[in-house]
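In the numbering used here, each residue's number is its place in the sequence shown (first place is 1) plus 15. Ideal placement from N, C-alpha and C gives every residue a C-beta, glycine not left out. Quantities reported herein were computed from a predicted structural model and do not represent experimental measurements. For reference, the structure discussed in these notes is given below.
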Amino acid sequence: MIHQEAAMGKQTREQDLRNYLGSFDFRGDMVDAPCGRFSGGEKSRLALALMIRTAPNLLLLDEPTNHLDLEMREALTIALQETEAGMVLVSHDRHLLRATCDELWLVADGKVRPFDGDLDDYADWLAEERSKEKRSGSAAANATTPAPPKAEDAKKSVLATRQETPASAGKRPPLIKEAEKLEARLAALQGELKLLEARLADPALYAAPDKALLADLTSRQTQLAQDISHTETRWLEVQEALSRDGFKESTA
16 MIHQEAAMGK
26 QTREQDLRNY
36 LGSFDFRGDM
46 VDAPCGRFSG
56 GEKSRLALAL
66 MIRTAPNLLL
76 LDEPTNHLDL
86 EMREALTIAL
96 QETEAGMVLV
106 SHDRHLLRAT
116 CDELWLVADG
126 KVRPFDGDLD
136 DYADWLAEER
146 SKEKRSGSAA
156 ANATTPAPPK
166 AEDAKKSVLA
176 TRQETPASAG
186 KRPPLIKEAE
196 KLEARLAALQ
206 GELKLLEARL
216 ADPALYAAPD
226 KALLADLTSR
236 QTQLAQDISH
246 TETRWLEVQE
256 ALSRDGFKES
266 TA
């Protein structure tokens, strides 16, 4: 890695380079080791270290803390606070967002626009949007509910239902039930994540001498973010299946 830095034309003492790499947990023999031997997490850390070291004009970061431990998260936070580059950051790490970002942008309805508020305001906005979707879905379902058949047509209606039931009708209950379970799981995961991030936003947590609790919380935060992503992906797959079978989309 030292040779890579030299190849980049940096005129810096070797000890300064070692100190810099040490801030990203590259120490001792690792500094001279070939990068090809590194694990995925180590390569991610190295990429961040080199990217910040080159002092680019713009940083594009997508979940940069996913493979970082507590110390590395703090090192990254400090590095991003000190950089003069413009930065676009996508992250579930609220502590990182609060510490490094001064402007939020909202991606919704196929548009990107500045968001007037902080992360707490965004959580409130998201909850309100989901509430509106549920109310809208309920109103649409009520508006399209067919009227009961007339008495003289009841026998024909029952017969038609038996004859015209598509093969997809057998899929409907399991798919809808799964969608409802996924929605409930998402709500629970997001609720837990919100509470956890509120704890992580407390500066006293980082000043405490015992870092075990902080390490546990950040580890759980990463796991929750992954669980939310996987659950959302499955929910979308279920909605697409329902749509293909001609059933009305559920709202999450």
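Any idea which residues DSSP pairs residue i with across the strands?
i, result
"D31", "In DSSP, D31 forms no bridge with anything."
"M102", "L74"
"W120", "P129"
When you compare each of the options to residue i by their alpha carbons, which one comes out closest?
i, options, result
"A114", "W120, T92 and L85", "T92"
"L239", "V127, D108 and E57", "D108"
"L121", "E144, D84 and A100", "E144"
"T27", "H82, S244 and T69", "T69"
"G206", "A223, K192, D242 and A227", "D242"
"G132", "S38, S244 and L119", "L119"
"N72", "L220, F53 and A100", "A100"
"T237", "R249, A223, E212 and L220", "E212"
Is the separation between the beta-carbon of residue i and that of residue j shorter than 9 Å?
i, j, result
"L204", "T246", "yes"
"T80", "M87", "yes"
"A194", "Q254", "yes"
"L201", "A256", "no"
"L229", "L85", "yes"
"H110", "L215", "yes"
"M102", "L76", "yes"
"S106", "A64", "no"
"G55", "L83", "no"
"L104", "L74", "yes"
Handout entry: Contact the stretch 121-136 vs the stretch 225-233: 3+ CB pairs below 8 Å
Key = Counting C-beta pairs with one atom in each stretch, the stretch 121-136 and the stretch 225-233 have fewer than three that are closer than 8 Å, which means they do not touch.
Handout entry: Complete alpha helix (DSSP H) runs within the stretch 223-259 (minimum length 4 residues, chain order)
Key = The stretch 223-259 contains these whole alpha helix (DSSP H) runs: 227-259.
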